[in-house]
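Q:
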Amino acid sequence: MRAAAFTDLIGPEGVSVIERDEPDPGPGEAAVDVDACAINRHDLWILEGDSAMVDDDDLPFVTGLDVAGVVGAVGDDVDDVAPGDRVVLCPNQTCGSCRFCREGPENRCERFSLYHGGLAETARVEADRLVALPDGVSATTAAAIPTAYMTAFHMLRRADVGPGDLVFVPGATGGVGVAAVQLADILGARTIGTSSSASKLERVAELGLDHAIRATEPDAIREAVEAIGTPDAVINHLGGEYTRLGQEVMRRGGTMVVCGRTAGGESTIDVPDLFLGHKRVVGSTMGTQDDLRRLVELTADGDLSPVIDETFPLEATGEAFATMQDRDSVGKLVVEP
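Numbering of the sequence shown is given in full-length UniProt numbering, commencing with residue 1 and proceeding in unit increments.
In structure tokens form, the structure reads like this:
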């Protein structure tokens with residue numbers, strides 16, 4: 001089978017299509033014929049050599065978390081799925097035995113990790129991580145859901161966002177940002193979003209963004225947010241200087257949820273404002289398999305339309321990563337092996 005592998009950790013030029021043996025599912029596993037696999041910033045960090053989890057000794061490395069397709073074969077002790085089933089993968093990998101695996105939520109597992117291997121014609125996965133796809137949800141649409149939409153959905157839940165709330169989403173045109181805007185709208189909340197691109201903000205406004213701010217500098221954003229209102233929650237997938245910004249603009253008793261480091265891996269916190277303002281800053285990684293099931297249901301019911309900016313054949317996977325690197329897209333980039 002063909003796979004789009006990282007053969008050099010130098011950026012998009014380091015992607016090559018290689019031949020690999022067809023995977024043979026073992027006990028508890030399934031082989032999925034991959035119709036679509038979305039790419040994520042997580043994958044790009046690996047490709048750029050900016051991830052501690054992969055180094056030159058691991059090459060060639062096949063990434064790809066967000067897998068959707070058709071079950072081709074199953075191993076022993078698999079009862080929940082069968083060949084021919086249309087499925088999407090929950091990319092969470094958990095130990096199954098720690099406190100959080102026993103009591104939940106699973107994404108707090110002490111040995112939490114993520115699946116890799118979807119950028120190939122066939123992927124071998126844990127069968128119990130597969131979620132059935134209704135007839136009305138295509139594989140390409142399904143592949144856009146797991147990482148971005150699970151993450152945003154879980155963040156909104158952790159911030160207890162509800163009808164009438166005002167949610168601040170810095171970087172509202174990225175994968176998690178777009179998902180947060182759409183899901184906040186479904187919840188009945190209002191949103192403030194930022195971007196450096198007027199055209200991208202116009203696109204996200206069509207998806208439900210209530211207040212668009214064209215700016216990237218924290219001081220300019222702060223002034224614009226304060227002119228709109230005081231956010232009840234901040235969905236922060238950027239980290240860096242945007243963490244302090246989010247803390248400063250949100251209301252007394254508000255919650256900021258942080259899931260990423262695109263703008264930097266370190267942030268400063270105003271400690272007096274934190275405790276005197278009864279504010280919360282919490283971390284969040286991905287979501288749960290139940291979150292994914294709910295998102296698939298919302299998509300099947302027509303309440304959610306995951307945004308896909310562009311699709312690519314397997315041989316153009318490097319081009320897909322170059323597009324992500326250029327930051328010109330709104331929504332997800334999906335490879336279709």
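Just so it is clear, CB atoms sit at the ideal spot from N, CA and C, and this is done for glycine as well.
Excluding five sequence neighbours on each side, which residues of the same chain lie with their C-beta closer than 7 Å to the C-beta of threonine 317?
A: Ala4, Val15, Leu119, Val335
Q: Going by C-alpha distance, which of Asp301, Ile46, Ser97, Ala127 is nearest glycine 26?
A: Ala127
Q: Taking contact to mean at least 3 C-beta pairs separated by less than 8 Å, is the region 277 to 293 in contact with the region 256 to 266?
A: yes
Q: Using the Cβ count rule (16 or more neighbours within 10 Å means buried), how would you classify arginine 102?
A: exposed
Q: How is alanine 180 classed by DSSP in three states: helix, strand or coil?
A: If DSSP states are grouped into helix, strand and coil, alanine 180 belongs with the helices.
Q: For histidine 278, count the other beta carbons within 10 Å of its own beta carbon; 16 or more makes it buried, fewer makes it exposed. Which is it?
A: Of the residues assessed, histidine 278 falls on the exposed side of the cut-off, its CB having fewer than 16 other CB atoms within 10 angstroms.
Q: Could you check where the alpha helix (DSSP H) with aspartate 290 kicks off and where it finishes?
A: 289 to 300 is the span of the alpha helix (DSSP H), which, as asked, contains aspartate 290.
Q: Taking contact to mean at least 3 C-beta pairs separated by less than 8 Å, is the region 231 to 247 in contact with the region 265 to 279?
A: yes
Q: Quick check: what's the CA-CA separation for valine 34 versus glycine 69?
A: When rounded, the separation of the alpha-carbon atoms in valine 34 and glycine 69 is 5 Å.
Q: According to DSSP, is glutamate 103 part of a helix, a strand, or is it coil?
A: helix
Q: What separation, rounded to the nearest whole angstrom, lies between the Cα atoms of glutamate 106 and methionine 1?
A: 33 Å
Q: What is the DSSP secondary structure of phenylalanine 312, reduced to helix, strand or coil?
A: strand
Q: With DSSP as the reference, label alanine 148 as helix, strand or coil.
A: Looking at alanine 148 - three-state DSSP - the assignment turns out to be helix.
Q: Please state the DSSP three-state secondary structure of phenylalanine 112.
A: coil
Q: For the alpha helix (DSSP H) that contains residue 355, what are its first and last residues?
A: Lying before the first or after the last residue shown, residue 355 is absent from the chain, which here runs from 1 to 337.
Q: Got a sec, what are the start and stop residues for the beta strand (DSSP E) phenylalanine 168 sits in?
A: 166 to 169
Q: Starting from the Cα of alanine 123, find the closest Cα among Leu89, Ser97, Leu156 and give me that residue.
A: Among Leu89, Ser97, Leu156, the Cα nearest to that of alanine 123 belongs to Leu89.
Q: Exposed or buried, serine 196, counting other C-beta atoms within 10 Å across all chains shown (16 or more means buried)?
A: exposed
Q: For arginine 203, which residues from the same chain have a beta carbon less than 6 Å from its beta carbon, with the 5 sequence-adjacent residues on both sides left out?
A: Excluding positions up to five away in sequence, the list reads Val330.
Q: Do aspartate 232 and valine 169 have their C-beta atoms within less than 8 Å of each other?
A: no
Q: Beta-carbon within less than 6 Å of arginine 280's beta-carbon, same chain only, minus the 5 sequence neighbours each way: which residues are those?
A: Thr255
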